[in-house]
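K.L.:
Chains as they are written, first to last, in the numbering used here: chain A, 1 to 498; chain B, 1001 to 1498.
(1) On the premise that residue 1275/B lies in contact with residue 1464/B, defined as a C-beta separation below 8 Å, what is that separation, rounded to the nearest angstrom?
(2) Do residue 1425/B and residue 1291/B have their CB atoms nearer than 9 Å?
(3) For residue 1049/B, which residues in chain A fall below 8 Å Cβ to Cβ?
(4) Just how far apart, CA to CA, sit residue 327/A and residue 230/A?
(5) Can you find a CB in chain A that lies within less than 9 Å of the CB of residue 1064/B?
(6) Mind pulling the chain A residues with CB within less than 8 Å of residue 1224/B?
(7) Going along chain A in order, which residues have a C-beta closer than 7 Å to the C-beta of residue 1240/B?
(8) Could you tell me the boundaries of the beta strand (DSSP E) in which residue 1230/B lies?
(9) Against chain B, does residue 1/A count as a neighbour if the rule is that its beta carbon must be under 9 Å from one of theirs?
(10) Tell me the start and end of each unbroken alpha helix (DSSP H) in the segment 1379-1426 of chain B that is at least 4 residues and wholly inside, in chain order.
(11) Looking only at its own chain, which residues have a Cβ that is under 8 Å from the Cβ of residue 1502/B, when we skip the five neighbours before and after it?
(12) Rounded to the nearest angstrom, what separates residue 245/A and residue 7/A at their Cα positions?
(13) Step through the CB atoms of chain A and report whether any lies within less than 9 Å of the CB of residue 1069/B.
(14) Just confirm the distance between the C-beta atoms of residue 345/A and residue 400/A, as a whole number of angstroms; I'd bet it's less than 8 Å.
(15) Where residue 1240/B and residue 181/A are concerned, what is the direct C-alpha to C-alpha distance, given to the nearest angstrom?
(16) Which of the three DSSP states is assigned to residue 246/A in this structure?
(17) Straight-line CA distance for residue 1155/B to residue 1419/B?
(18) So which residues of chain A does residue 1329/B contact, with C-beta pairs closer than 8 Å?
(19) Tell me which residues of the segment 317-349 of chain A have at least one Cβ-Cβ distance to chain B shorter than 9 Å, keeping chain order.
(20) Is there a C-beta anywhere in chain A that falls below 9 Å from the one on residue 1457/B?
(21) Do residue 1265/B and residue 1236/B have their C-beta atoms closer together than 9 Å?
(22) Would you say residue 46/A lies against chain B (beta-carbon separation less than 9 Å)?
(23) Locate the beta strand (DSSP E) running through residue 237/A, then write down its first and last residues.
(24) Kindly give me the distance between the Cβ atoms of residue 1088/B and residue 1163/B, rounded to whole angstroms, as I take these residues to be in contact under 8 Å.
(25) Taking the beta carbon of residue 1342/B as the centre, do at least 16 other beta carbons fall within 10 Å, making it buried, or is it exposed?
(26) For the alpha helix (DSSP H) holding residue 1449/B, just list the boundary residues, first then last.
(27) Tell me the rounded alpha-carbon separation between residue 1101/B and residue 1311/B.
(28) Rounding to the nearest angstrom, what Cα-Cα distance links residue 412/A and residue 1216/B in this structure?
(29) Between residue 1054/B and chain A, is the shortest Cβ-Cβ distance under 9 Å, so that the two count as touching?
(30) Residue 1227/B versus chain A: which residues are under 7 Å apart at the beta carbon?
(31) Assign residue 529/A to one of two classes, buried (16 or more other C-beta atoms within 10 Å of its C-beta) or exposed (fewer than that).
(32) Please say whether residue 1138/B and residue 1158/B have beta carbons closer to each other than 9 Å?
(33) Examine chain B for any beta-carbon lying closer than 9 Å to the beta-carbon of residue 275/A, and answer yes or no.
(34) Residues of the segment 1396-1407 of chain B in Cβ contact with chain A at a cutoff of 9 Å, in chain order, please.
(35) Excluding sequence positions up to five away, which residues of its chain have a Cβ less than 8 Å from the Cβ of residue 81/A?
(36) With 16 as the cutoff for other CB atoms within 10 Å, does residue 1/A come out buried or exposed?
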């Protein structure tokens, strides 16, 4: 019997890890959708056991040795790409000393647990007492990673979510955005001021909304033989590629939260369902990055879902499932979905003002990690920036201000930029689809999304982590990320430019 | 630092196993209730990984060494009982050589997979071609276990489900049953012949039945903060003590399947929810046996659920959730639930004729394991015995005959007796409750089951695996299993004896 090659042994180890990750993903979905509250303590202990097992397998020193040896083996291009992703995975799992990793997890969990009641109570000073430790450990983490990689501290955090992304690039992208976005929002509001919009009157029974969401997902090509739609407080896409579990949330008074989150999560879901079967058990088969993932959800929610053409698809769906109501015509629906109204809350922001929420968070967290500011300086900066970018007064409202998101609470610095990068990528994909299929608009108006999905399948889904992000982007659309597409999209939709 | 005692190390190892078992239980529930069909192949691989891990932990040679050493440590009575159950667990996990265990699992899986289409096709000879191997391996297994334990081969299989149960006891119990049961069934049918029973007319919308089942479970004290009710093809109780997942099945034309299976599974569920918290992670904290578990489900489904008194509780529930219909009065409901009508199918058998189904299977499987008969002899024996015990003609109908259950299909010989042992225990518990709380009948009629549940909690649930079965039974009811209670119960209910 011949010695198995190092690469083959790595493939087997990752296939095993993939199977344990499968179980962890389904269990995590269950925790958010099905588990009764009384089950949570025992489940937390059981989950920790599995996480510890997976973490140990990912950190195994044997893997490092195999990765080293496999580098000298005769591998084809695909195998070499897989080895690159294996190396990234191993580095990430081993990036932090165990003591720092658990201190960080503990501080994040403590801060988040208290935040759940501090946010509704607007208790900034209570929050601050836990959050200081979260910031302290995130800095320590960033410095540790910077020493190991040679990157700047904040870049090491960015790199975790967007491999290859750097502060210099974000500064340029977001800096430019910042110069034209406030005007665009103001002009859009001005243009919409005298536009009559009917807000369809509820109630909209949940069972009806559920059927609507299922029908919408059918139109969007979700494969129900390999996935489900359920309900949770915060919508998410979970499960595994072979069994994708998405959730939405329902509000009896308003059908838009369910509609929008179903569009959004179905975008994530189709990426997962479209990942290449042959690579699924390997790091190569994973989605490319958080921003690329977000580009899939925003492509459906924003590029398609808020287009005038798609309103032609939505109108009859709404009439069928929610009944005939004033406002369920395509013109009105489009105006309703495309309303620009800056507010305090990121997750309910309109498409045009959303990037401002990201820019504010990016600028603050970058300064926080570099040590230019301290945690207690956040509210003042928050108020200034929200006023400057969106004209929104946030003073004194911490709960709907800098305490509104869970990301900082549990130390996920570096994550926020993915949202706006995703919006930019989505605009770039859609521009490319429009270029290669000029009739895509009229196809969408009759519910035919095949050309769009074929393009996504060929260029994004089937490529998984085959290429580094910028190569994936170039191969798909001819150039690296070009923010002009996003600007042109917003101007066309909100200022009527063509 | 002192060396941890062997017993303490065993406790820690079992707590870890308990956490992995928790995950496996929730995943298994998901597979039967939530998983879309497309997820099954990837899930099977992932589940196998977890099962292999758990099996390896349970078989660890280190445990045998620790169990040996712990026997010489100063343990209190409870610890000693836990050690006894640890030893049982280790012996069970190590009972078979790996090659035999996997051959058995493989043959069972192959036979079961083919059976799913062979049963509806009434394909006995196709079934036989796989089943012969299942029987062959079960005999090999029984002989292997007999060599190791000194028990008779079939007793070693019995012992897996009912620790301590022996063929000699079953022969006595079932032999006696067999002498009076056919007459009782015949007399009950005779007495019911001229009894008018209204079968309430459907349809009964599933959503209404679902609400009915929830309301029923509330009456039965199910803790919804630590459990759920869902739907599956075959009702079962799954999950873990801290998060009990029961299922029922719905038939739009008939509310009885949902009603009966909800009563049944809630009985299992209350046992699980009542297990002692302090022992949960240890073998000591497990349910005592399959028959004792079944006694809990049959106590609610049969002793309580089919009593005239409980019909007073059911009638208003049915009217509230399913609407006013002819037949939803307590008298008629009781007659409907207590109808005796022998048939071919075990799972839909009435209370009085059910034991015949078990006796037939018991006598056949015992002869099969001992080698007195071969697999191809089963149909003839089946026909003879079903005719003799129930007057039912089963000739030529294999699918609803000896192929109707999954138990033999996957080699679970020794399991069937648990059902009737459970019915006997349930009658014994209820007789004891009636003795200690003479007014229990009138309490039940007004939906007050507290005295019953207090007795079960004190005598069964909280005792978990603290005692060997016969000691548990003696402590709870003053004597070991006494089948006279079951006979008296059936005679009182079906022949009007008091």
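Ideal Cβ positions, reconstructed from N, Cα and C, are used throughout, including at glycine. Being a predicted model, the structure only gives us computed values, none of them experimental.
P.N.:
In brief:
(1) Contact between residue 1464/B and residue 1275/B holds, with the beta-carbon distance rounding to 5 Å and staying under 8 Å.
(2) Contact: yes.
(3) Ordered by position in chain A, the residues that pass the 8 Å Cβ test against residue 1049/B are 16, 19, 20, 23.
(4) Near 27 Å, if we compare the C-alpha coordinates of residue 230/A and residue 327/A.
(5) Chain A contact via Cβ: absent.
(6) In chain order: 36.
(7) Around residue 1240/B, the beta-carbon contacts reaching into chain A at under 7 Å are 42.
(8) Here the beta strand (DSSP E) through residue 1230/B covers 1227-1231.
(9) For residue 1/A, the pLDDT reaches just 42, beneath the cut-off of 50, and the residue's location in the model is therefore unreliable, leaving the point undetermined.
(10) Counting only runs of 4 or more, we get 1406-1409.
(11) Beyond the ends of chain B as shown, which are 1001 and 1498, falls residue 1502/B; an answer cannot be given.
(12) Computed Cα separation, rounded: 32 Å.
(13) For residue 1069/B, the closest Cβ of chain A is not nearer than 9 Å.
(14) Indeed they touch by this definition, with Cβ atoms about 6 Å apart.
(15) For residue 1240/B and residue 181/A, the distance between alpha carbons rounds to 53 Å.
(16) Three-state result, residue 246/A: strand.
(17) Residue 1155/B and residue 1419/B have their alpha carbons spaced roughly 17 Å apart.
(18) Taking the beta carbon of residue 1329/B as reference, no residue of chain A falls within 8 Å; the closest one sits roughly 32 Å away.
(19) Of all residues in the segment 317-349 of chain A, none has a C-beta nearer than 9 Å to a C-beta of chain B.
(20) Nearest CB-CB separation between residue 1457/B and chain A: not below the 9 Å threshold.
(21) Result yes, Cβ atoms of residue 1265/B and residue 1236/B sit closer than 9 Å.
(22) So, interface residue.
(23) Annotation: the continuous beta strand (DSSP E) that includes residue 237/A extends over 237-240.
(24) Sure, about 7 Å apart at Cβ, within 8 Å.
(25) Buried is the call here.
(26) Here residue 1449/B belongs to no alpha helix (DSSP H), and DSSP marks it neither H nor E.
(27) Each residue's Cα considered, the two are about 47 Å apart.
(28) For residue 412/A and residue 1216/B, the distance between alpha carbons rounds to 45 Å.
(29) Output row for residue 1054/B: interface = no.
(30) Within 7 Å Cβ-Cβ: 36.
(31) As displayed, chain A neither begins before 1 nor continues past 498, which places residue 529/A out of reach and without an answer.
(32) No. Outside cutoff.
(33) By this cut-off, residue 275/A is not an interface position.
(34) Per Cβ criterion, the list is empty.
(35) Cβ within range, chain order: 284, 465, 466, 467.
(36) Note that residue 1/A scores 42 on pLDDT, short of 50, meaning its location in the model is unreliable; the coordinates nonetheless yield the value given after this. Using a 10 angstroms sphere on the CB of residue 1/A, the tally of other CB atoms stays under 16, which defines it as exposed.
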